[in-house]
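Chains as they are written, first to last, in our numbering: chain L, 1359 to 1739; chain B, 49 to 552; chain F, 558 to 831.
See structure below.
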Amino acid sequence: MDRKRRSRRELYTKDICACSIFGAMNRDGDRFTGEGVMKAIASMRVRGNGLGGGFAAYGIYPDNRDLYAFHLMFTGPTDVARRAAKKELEAFLARKFEVFFDEEIPTDDGVVVRDPPLIWRYFVLPRKEGDDAEMTDGDYIVREIMAVNTKIENAYVFSSGKNMGCFKGVGYPEEIGEYFMLDRLYRGHTWTVHGRFPTNTQAWWGGAHPFGLLDTTVVHNGEVSSYGTNRWYLEMYGYACTLQTDTEVIAYAADLLMRRQKLPIEIVAKILAPPIWAAIDRMDEKEKRLLTALRMTYGPLLMNGPFAVIIGETGRMVGLTDRIRLRPLTAATRGEMFYISSEEASIRLISPHLDRVWTPKGGEPVIAEMKGFEKGFERIC
Amino acid sequence: MRSFVFPEFEVIRDEERCGSCRGCERQCAFGTHTYDPVADRLVSDDHKCAGCQRCVIFCPQKAIVVRPSPSFYRPNASWTREKIEDLKRQAETGGVLLTGCGSDKPFRIYWDHILLNASQVTNPSIDPLREPMELRTFLGRKPEMLEISSKDGEVEIRTELYPNLTVETPILFSAMSFGAISYNAFKSLATAACRSGTYFNTGEGGLPREMRSEFGRCAIVQVASGRFGIDAEYLNVAQAVEIKVGQGAKPGIGGHLPGEKVSLAVAETRMIPQGTDAISPAPHHDIYSIEDLSTLIYALKEATNYEKPISVKIAAVHNFAAIASGIVRAGADIIAIDGLRGGTGAAPKAIRDNVGIPTELAISSLDRRLREEGIRNRCSIIAAGGFRSSSDVIKAIALGADAVYIGSAALIAMGCTLCQKCYTGNCNWGICTQNPRLSGRLNVEIASTRLSNLISAWSHEIREMLGGMGINALESLRGNRDHLRGVGLYEWELDVLGIKGAGE
Amino acid sequence: MMIKAAVPKGRPSSVPKAGVSAGTGAVSIDAAGLETRELNDRLRELQLSGTKRVEISNVCGQRYIGTRLYTPEGQQMEIDICGTAGNDLAAFLSGHKITVDGNAQDGVGNTMDSGEVVVRGRAGDVLGFSMRGGEIYVRDGCGYRAALHMKDCEGKRPVLVVGGGAQDFLGEYMAGGVVIILDLDGESHDANFMGTGMHGGVIYLRGTARDDQVGAQVDISPADEADRELIEEYVSRYLDRFPEVEMTKEEILASPFVRLTPRSKRPYSGLYAY
């Protein structure tokens, strides 16, 4: 079928997927390898189908903590196409960023994965010139990432924070973890993980979770029925929804609300998963006024339909479900460790003796913060 | 409140012929006809007539004609009579408009725009009266390949074979529950299915205990959102289990079997208290996501010891092909896809006539999607929704379906006239009612014979058409779009159907 | 919640795989590393070979335990699980008694027909969904949508007793059966949308509930004498199963109870235009 001819009618296509999610944080900031989270997510294998897995790891590049670590995927059908995309990307980076060094992200070739793209990382700082000098680093980087992802064919920035990185691909998450050797090469203080169950198979490595911008990452279970509306709103703010999945709108909404608009996470949770009107009507005047204003202003960012997400940032990990909790989420603590998972059993597998296990309420965030975590965008570590 | 709605039908009685036998009065459960003892004649209240034609056919004197009422509002292309009257009914009741049967709206019927091929000269057509003509079909997951070992001349299959349903003709009876339809109608379907080498589907109303041992062998049992009548025996006596997620007539919503239809027998079969509303919630409340569906699929596989194929029935909606692909990956062995014109015992009219996509387009895009993803052999496709004749069935097979479900066609075989009043419980044909006086009118032996006759006639016609195309086994037509051509269709429609235009 | 001693979770396996333990005559299975299907294959084999009692250690997320144990002859088994039982524990359960020494996840007793499930810990969401018979006892709390569309029939009346609290949508679409939420944590009961669409059965809450916490189809009234007799019976059974709970029956019953009942068997009869 000639899709181009009909592109105005096909507003977008979107993959639907459902999944398992897991997160672990050491609130003292002690770093640990990806081995445990790989084991935990592997235990929820039945929730995925081997068509996507990924990790966000915080605190993994301490030697370069002041540089933005860009992880790039070059996905062309042939090696020539991938190299061409890389060349084009590097020319772009040279114009817009100071690149301190770059390298291929090491992989274990003994692990069999399907159609792996070329995966490279660049440690950079923005080079803001002319009018751009006024911009914050964040705004500048987000704008340029959107440019890469929409304009450079076969190149895709999938990780862009400082002292953190996403690793993802097509396969079961533990396979992806082994492919990137996360159990051997990296130590982080916070890990979030995703096992994916998409309803189609375009072996698109970029479609795996986490999705992230700067150091905010999202792993997601569910389907956002309001995707069209969320996207319609976010596009006005310069977010290009190119990845054919509803998870990216959550990541962009988090970026818009938390980084750009500097709203606290408790408020963001009430935007993404607001209380129903009947509950708002019962609140006291002040609270009612706040929640009414939030729904009036941010109605298009209500994430409707079932979802459970873990939003990661440097020093913080937030679990949130939709307002009527259509997807499962269990939280647990053991000493300084904080866990969030789709299923309790996967937490028990790596930490059999827990201090506390609970099921958060729908629309109410569970927040794990590292000691010394301060609100705002300048992070600890 | 006085109703401002015209009667839909006009009852005309030939007073010369009428013998005042009062047969019409007895036949009509809507109370259209009453006897006036003073005048010694029958009078009819047009307002009550559902247009089901029962009295017309059963009048011994052939004295009655029922036809659409000729009254009219000022003609208006936008405000049609139907729109005006629906609006008035809602103004009078404040309720949701209910209706029955499949949508009667003039959406394009693609079957009528698709033509079949026939052999001429280069390969011979086959005469099904004398030569073998095979319709046997297996429904369920097929292995990717067979690993065969051969030792001392003993050949052995080493690959695990998945459970499959075997049908002798690619026509199954669609899900219609006991409760929605009468016991006799339900039993007629079961009887005919067993006799014709095919299957009936219990719908979500359970399988009466006394029917289990005899009819389990040709039953597909349903697990729907209301979870009525489900116990381990129910799951294990059947040959396949179908998870009903959606229905073509009402995608995305559930249903309420009103308490007055929940008779003692219905209550026992559904395993609920007599007289309560049997509520089927819109979703399965243990399925909010594709991996939850997978959980239920495997729960059912566990509950049936991995011995039965598990089907998942969904309505054809905009993005259903991607969803169906996920369903196959979630472990379903059969996908049943119910299109826009699928029937129902009761559905809100706003939903029935406005939600979903046509079956024909759905079959083609689903088949294409699954093949593109390389998972077509992991499941079979049963198409449902608006099959009216054997030619519709054979075209569906050529578009990629493995078999079809017929619902309305089966009911029509038993006497239904598609009057769309199923939800009233007053079905004069004894089909869609729990009133024993009405359901007693449907004789199981006669009704099941009519159903078997239909299956036999359609199967024979399918053989004739196959033979004409030079094909003697149905599997050679499956997905064989080369034998189809479109007429009067737009380019995009031909694209979606994956067929050429006539003469191309 | 007051518990005398921490319950051992994931007890280390000291018994050989599928060995017979001398004391109880029970067959033991070490589930460590077993896939769901492998574990349930073993259980089915044991059932078919006439085993009456099985102890499973190191359960960690394996699903559908008890689901594959239907036989037309109805052989019964007792299963003791140590660890965290996976989703859909006891789904479609047909008789049998299952005890979990640990927590259970989502979907316990899904469409359960008969039998008994005891969870010495907490349970997840959709507990007792569409359950038609049998009894479930959960020592601690449970998640969202417990007792959703629970129903009774043919002399079967399902019972769900939860020691802790329940979250939103408790008893939604409930059509029969008895639910008792003891809320022993002492935290006030804060679930919303309780009994939405309820058209049968009864829910008892220890403590009170506000009108805005229940669906429009539900009446709240204080438990009467007959109710309290029923509650007492099930509190006794609850305490029999969980001797580690420190409260006595008298202490539990000293609190007021409210009863949630449906206003109609036909909650949606006025919805349609005919």
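By construction, the Cβ of each residue, glycine as well, lies at the ideal position given by its N, Cα and C atoms.
Source: prediction; values computed, not measured.
Cβ neighbours of B:H161 within its own chain (closer than 6 Å, five residues either side excluded): G534, V535, G536 and L537. At a cut-off of 8 Å between beta carbons, F:G643 contacts chain L.
With distances taken between CA atoms, B:H332 lies nearest to B:I362 out of B:I362, B:V104, B:S68 and B:K96.
Residues of the region 1508–1537 of chain L with a C-beta less than 8 Å from any C-beta of chain F: none at all. Contacts between B:E316 and chain F, judged by CB atoms closer than 9 Å, involve C710 and E711 in chain order. For L:P1622, the closest Cβ of chain F is not nearer than 8 Å.
Taking 8 Å as the cut-off, the Cβ atoms of L:S1700 and L:M1402 count as close.
In this structure the region 320–338 of chain B does not lie against the region 182–196 of chain B, because fewer than three pairs of beta carbons, one per stretch, are closer than 8 Å.
In this structure, DSSP gives L:K1520 an extended state, which the three-state scheme calls strand.
Rounded to the nearest angstrom, the Cβ distance from L:E1581 to B:S342 is 14 Å, too far for a contact under 8 Å. Note that the C-beta distance between B:K136 and B:F52 is below 8 Å. In terms of CA proximity to L:L1630, L:A1666 leads the group L:K1644, L:G1406, L:R1618 and L:A1666. Using a Cβ distance threshold of 8 Å, B:F57 and B:C97 count as a contacting pair. By a beta-carbon distance limit of 8 Å, B:I358 does not contact B:I371. Their separation comes to about 16 Å.
Beta-bridge partners of F:T641 (DSSP): F:C617. For L:T1575, the enclosing beta strand (DSSP E) has its first and last residue at T1574 to G1580. Rounded to whole angstroms, the separation of the alpha carbons of B:A394 and B:R50 is 25 Å. By alpha-carbon distance to L:K1444, the top candidate from L:I1510, L:I1725, L:P1622 and L:Y1530 is L:I1510.
In this chain, the alpha helix (DSSP H) harbouring F:D797 covers E782 to R798. Identification of chain L residues near F:G722 by a Cβ-Cβ cut-off of 8 Å yields none; the smallest Cβ-Cβ distance measures about 11 Å. Chain L places no beta carbon closer than 8 Å to that of B:E408, leaving this residue out of the contacts. By the Cβ neighbour-count rule, B:I196 is exposed, with fewer than 16 other Cβ atoms within 10 Å of its own. Boundaries cannot be given for B:E355, as no alpha helix (DSSP H) includes it and DSSP labels it neither H nor E. Its chain contains V675, V718, Y795 and R798 as the residues whose beta carbon lies nearer than 6 Å to that of F:Y694, once the 5 sequence neighbours on both sides are disregarded; these appear in chain order. Note that the region 448–455 of chain B touches the region 216–229 of chain B; at least 3 beta-carbon pairs, one per stretch, sit closer than 8 Å. Taken atom to atom, the span from the alpha-carbon of B:S437 to that of B:H508 is near 12 Å. Rounded to the nearest whole angstrom, the C-alpha separation of L:M1504 and L:M1616 is 18 Å.
If you look at L:G1670, you'll find it isn't in any alpha helix (DSSP H); it sits in the beta strand (DSSP E) that goes F1665 to E1671. Taking the C-beta atoms as reference points, B:L466 is found no nearer than 8 Å to B:G433.
By the beta-carbon neighbour count (other beta carbons within 10 angstroms, threshold 16), F:K806 is exposed. For L:A1427, there are no C-beta contacts with chain F under 8 Å, since the nearest C-beta of that chain is about 34 Å from it. Counting C-beta pairs with one atom in each stretch, the region 682–690 of chain F and the region 699–712 of chain F have three or more that are closer than 8 Å, which means they touch. Unbroken beta strand (DSSP E) runs of no fewer than 3 residues, entirely contained in the region 1421–1452 of chain L, are found at 1426–1432, following chain order. For the C-beta of F:P824, the chain B residues within less than 8 Å are, from N- to C-terminus, D325 and I327.
Burial is judged here by how many other beta carbons sit within 10 angstroms of a residue's own beta carbon; L:V1395 has at least 16 and is buried. For B:S337, the nearest CB of chain L lies under 8 Å from its own CB, placing it at the interface with that chain.
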